[in-house]
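**Q**
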Amino acid sequence: MINRSVIVASCLVLCPACATTVKLVPSDADVVLSRQLLDAPNPARPGDFSVQRLFYGSGDDRRRPEFRDSVSLITESVDASKLVSLGNSADERNSYWGFTPKEFPINGRVWYPVGPGPFPLVLIVHGNHNMRDFSDPGYGYLGELLASRGYIFASVDMNFINGGIRGENDGRGWLLLKHLQAWRGFNEDAETEFFGKVDLDRVSLLGHSRGGEAVGHAAAFNTLQFYPDDATLTFDFNFGIRSIIAIAPVDGQYLPTGRKVPVENVSYMVFHGSHDGDVTSFHGLRQYNRVLFTDDASHFKTAIYVYRANHGQWNTVWGSHDNGRRSGRILALSALLDPEEQREFGKIYVSAFLDATLKGDKRYLPLFRDHRVAGDWLPKTMYITRLQESSFFPLATFEEDIDVTTASEGVVLMGDSLSTWRENTVPLRSRNRASTSSSQENQAVWLGWNNRIAGHDSADAVPARYTVGLRDVTLPRTTGPATTLDFLLAPTKDAPEPREASRDSVNDNASAGQSEPNDRGQRDDAETEEEKPPIDLSIEVRDRAGESAKVALSRYGAIRRPLETHILRRGDIERSRFSELFEIVLQSYSIRLSDFRTENSQLNIHDIVSVSFVFDIAEAGTVIVDDIGFSWMDAAFTSVP
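If you're matching positions, the sequence shown starts at 18 in the numbering used here and goes up one per residue.
Structure below.
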């Protein structure tokens, strides 16, 4: 395959001043993905089961012969009129499909393993697309794989609510649950192929685009008695939904009772491509932030950002032309991952996540903590990964208050010799047209430093640091060697000026998200990535007796500045549409406390009183930090370095 680390493509524009080159950040995959540390079979390889296929549905579909002539299981239609309104397109749609929202069909195409079962059940739902260009066949690559690995997999048909209608994502979520009700019937009917073979206590829901939002609604509706916006519609679901997966999802198109949907006590995975030409920002991070774990069961949530992946290539019907077939005229298609590589990533992560959450296979858990463990499996591009496990105890999430010196109860925040110290909302790269917010809807802290003294090239000041003090914190359990210090971090492109000789205090005048002049009087956004030195820093812990130890953060993952992304072929249009040419995506870092004790055997890791970010490696820079805390996660997550 052609190496596309650097791509230059001509823009098809009449005005040369409007043209731009399609460029990519040079890949570090040869280093980051240089090792294979997971000792387990590649989850994207077929399993041991023979695979069969069938269709279920109405049996009288006028547009698709598979749901008319080939159905093995007949299902009853459902009344979705309280959840889906067709608006001005009702007459045209009803005429085309031959039914109204009062008679929506329950259609699905199924891949299933040959065997006695019972098998976990996985449903996937597509997102919005041309309703005549049927979307549900586009996940067959997942169906074939997962059925061979012991899952019943169904791609559900919701093409009849695709197209130009809005506000139907609650309907998509509800229809998923109605499909589960049909599966309950299949499992209980001795005349069906699936009698006694469906494990409805081990269910996962997958959704792409609008479907990625809908799986969150389905998980929320699953435990409710009534439809939130109209209690005359009753619910009686309560399926064993253990996990949900969102692929390049939208967020906030449906707001139950006017609020963002809460999701609790299911494991959650979301992934998104940097070159998504449809959902052009990582909106799934907002749902990730809202997923809460409130019971005693073991859950986790994970997010993966895939450089050069687009929106449509997750579905073989949609392909590379996000936003329609003519979009090749405006989108930088030459920058995209090969479609088979993009789907290979999807197979790896979807299969591993399902094995972990539905089968309890812990071998793949390290993959969600640190993608570097799967260097031989993953396509050679760049990834940013995020993980939070249900045992996570937050010390500072920066949502607590507006005081930059306080966080969770008993936690004190201190800055020393910082040039920038502020808490702020993390922005999104762009604003989705259906969204009401251009932010990730979570707070973080911006920390900037420059350890040089102005006018003295050889004179270094004491390194800046940011400290989380824990002396008065009551932890839920005692810390130990397997306890991990967890946080999210991402460098920005900013570098503050050198300090004044007499000044060692915080300068909070720089605006988050904007470049500051560097020591040469130039702005960092005028530099190329190659001219900027790498960012690294130390993480230090201290015990009550004053013993301390520190480790270099780069040991625990790549520390990248934002990955510049050019989605459009015309630079002038791109600059007008997007606030930045990159998305801020924070990377997870997990450091076992035993690693600190290796550095200092006198350190008492059972009595940690402070955690510090010490800026003693890179001379200058700015980082964004969020969700600092401890985890007592399953040892399998950290079993691989």
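Beta carbons are placed, not taken as given, at the ideal position from N, Cα and C, and that holds for glycine.
Could you please give the first and the last residue of the uninterrupted beta strand (DSSP E) stretch that includes Ala13?
**A** Residue 13 lies beyond the residue range present for the chain, which begins at 18 and ends at 658; the question has no answer from this structure.
**Q** Examine the Cβ distances between the region 142-158 and the region 177-194 and report whether three or more of them are shorter than 8 Å.
**A** The answer is yes - the region 177-194 touches the region 142-158, with three or more Cβ pairs under 8 Å.
**Q** Count the other CB atoms within 10 Å of the CB of Gln457; is the residue buried (16 or more) or exposed (fewer)?
**A** Counting Cβ neighbours within 10 Å, Gln457 comes out buried, since at least 16 surround it.
**Q** Using the rule of at least 16 other Cβ atoms within 10 Å of the residue's Cβ for burial, across every protein chain shown, is Pro658 buried or exposed?
**A** Exposed is the call here.
**Q** Answer with buried or exposed for Thr249, where buried requires no fewer than 16 other C-beta atoms within 10 angstroms of its C-beta.
**A** The residue in question, Thr249, is exposed, as its Cβ has fewer than 16 Cβ neighbours within 10 Å.
**Q** Closest to Gln359 by C-alpha separation, out of Arg614, Leu159, Leu430 and Asp187, would be which residue?
**A** Gln359 has its Cα closest to that of Leu159, out of Arg614, Leu159, Leu430 and Asp187.
**Q** Based on the DSSP secondary-structure assignment, which residues constitute the bridge partners of Asn467?
**A** Paired residue(s): Ala637.
**Q** Of all the options Ala57, Phe116 and His316, which has the alpha carbon lying nearest to the alpha carbon of Ser80?
**A** The sequence given here places Arg at residue 80; Ser does not occur at that position. Among Ala57, Phe116 and His316, the Cα nearest to that of Arg80 is on Phe116.
**Q** Below 8 Å between beta carbons: does that hold for Arg325 and Leu353?
**A** Yes, Cβ-Cβ distance for Arg325 and Leu353 is below 8 Å.
**Q** DSSP three-state label for Glu546, please.
**A** With a pLDDT of 46 at Glu546, under the threshold of 50, the predicted position of this residue should be treated as unreliable, though the coordinate-derived value follows. It is helical.
**Q** According to DSSP, simplified to helix, strand and coil, what is Ser532?
**A** Confidence at Ser532 is low in this model, with a pLDDT of 37, below 50, so the placement of that residue should be treated as unreliable; the coordinate-derived value is given next. DSSP places Ser532 in coil when its eight states are reduced to three.
**Q** Provide the residue span of the beta strand (DSSP E) that contains Val215, from first to last.
**A** Its beta strand (DSSP E) spans residues Val215 to His225.
**Q** On the three-state DSSP scale, how would you describe Trp438?
**A** Strand at Trp438.
**Q** What residue from Ile552, Asp150, Pro550 and Gly392 has the CA that sits closest to Leu50's CA?
**A** Closest by alpha carbon: Gly392.
**Q** Below 8 Å, can you find three or more Cβ-Cβ pairs linking the region 413-423 to the region 67-84?
**A** Too few Cβ pairs lie closer than 8 Å, so no.
**Q** Spatial neighbours of Asn617 within its chain, please: C-beta separation below 8 Å, excluding the five flanking residues on both sides.
**A** Taken in chain order, the residues that qualify are Glu564, Ser565 and Ala566.
**Q** Give the range of the beta strand (DSSP E) segment to which His289 is assigned.
**A** That run of the beta strand (DSSP E) goes Ser284 to Gly290.
**Q** For Thr402, write down the residues that DSSP places opposite it in a beta bridge.
**A** In DSSP, Thr402 forms a bridge with Ile321.
**Q** Mark Gly574 as exposed unless 16 or more other C-beta atoms lie within 10 angstroms of its C-beta, in which case mark it buried.
**A** It counts as buried.
**Q** Can you tell me whether Asp542 is buried or exposed? The criterion is at least 16 other CB atoms within 10 Å of its CB, across all chains shown.
**A** Caution applies to Asp542, whose pLDDT of 44 falls short of 50 and renders its modelled position unreliable; the model cannot decide the point.
**Q** Which residues in the same chain have their Cβ closer than 7 Å to the Cβ of Ile601, if we skip the five residues on either side of it in sequence?
**A** Only Val443, Pro444, Ala507, Pro579 and Ile641 meet the Cβ criterion.
**Q** From Ala279 to Asp312, what does the alpha carbon distance come to, in whole angstroms?
**A** Note on identity: in this sequence residue 279 is Pro, with Ala being the wrong assignment. Rounded to the nearest angstrom, the two C-alpha atoms are 15 Å apart.
**Q** Identify which residue in Asp45, Asn111, Leu487 and Asn255 has its Cα closest to the Cα of Arg219.
**A** Checking every option, the nearest Cα to that of Arg219 belongs to Asn255.
**Q** What does a CB cutoff of less than 8 Å around Glu440 pick up in its chain, not counting 5 residues either side in sequence?
**A** Cβ neighbours of Glu440 beyond the five flanking positions: Phe415, Ile419, Val421, Gln460, Ala461, Val462 and Trp463.
**Q** According to the Cβ coordinates, are Ala637 and Ala512 closer than 8 Å?
**A** Going by C-beta atoms, Ala637 is nearer than 8 Å to Ala512.
**Q** Within the same chain, show all residues whose beta-carbon is closer than 6 Å to that of Val429, passing over the 5 residues directly before and after it, in chain order.
**A** These residues qualify, in order along the chain: Gly486.
**Q** Given this structure, state the Cα-to-Cα distance separating Pro130 from Ala171, to the nearest angstrom.
**A** Cα-Cα distance, rounded: 12 Å.
**Q** Determine the burial state of Met650: buried for a count of at least 16 other Cβ atoms within 10 Å of its Cβ, exposed for fewer.
**A** Classification of Met650: buried, given that the 10 Å Cβ count is 16 or more.
**Q** Closest to Pro480 by CA distance: which of Leu435, Tyr285 and Ser656 is it?
**A** When only C-alpha atoms are compared, the closest one is Leu435.
**Q** Given 8 Å as the limit, is there contact between the region 187-206 and the region 105-116, that is, 3 or more CB pairs closer than that?
**A** Result no; under three Cβ-Cβ pairs closer than 8 Å.
**Q** At what residues does the beta strand (DSSP E) containing Phe630 begin and finish?
**A** Counting along the chain, the beta strand (DSSP E) containing Phe630 begins and ends at Ile625 to Phe632.
**Q** Candidates Leu138, Asp387 and Asp293: which alpha carbon is nearest Ser656's?
**A** Out of Leu138, Asp387 and Asp293, Asp387 has the C-alpha closest to the C-alpha of Ser656.
**Q** Going by DSSP, name the residue or residues bridged to Gln270.
**A** Note: Gln270 sits in no beta bridge, so no partner.
**Q** Leaving aside the five residues before and after Thr496 along the sequence, list all residues of the same chain whose C-beta is less than 7 Å from its C-beta, in chain order.
**A** Contacts found: Leu610, Ile622, His623, Ile625 and Phe647.
**Q** Secondary structure at His473, three-state DSSP: helix, strand or coil?
**A** Three-state result, His473: strand.
**Q** Which one or two residues does DSSP pair with Val127 in a beta bridge?
**A** According to DSSP, which records beta bridges pairwise, Val127 is partnered with Leu71 and Ala171.
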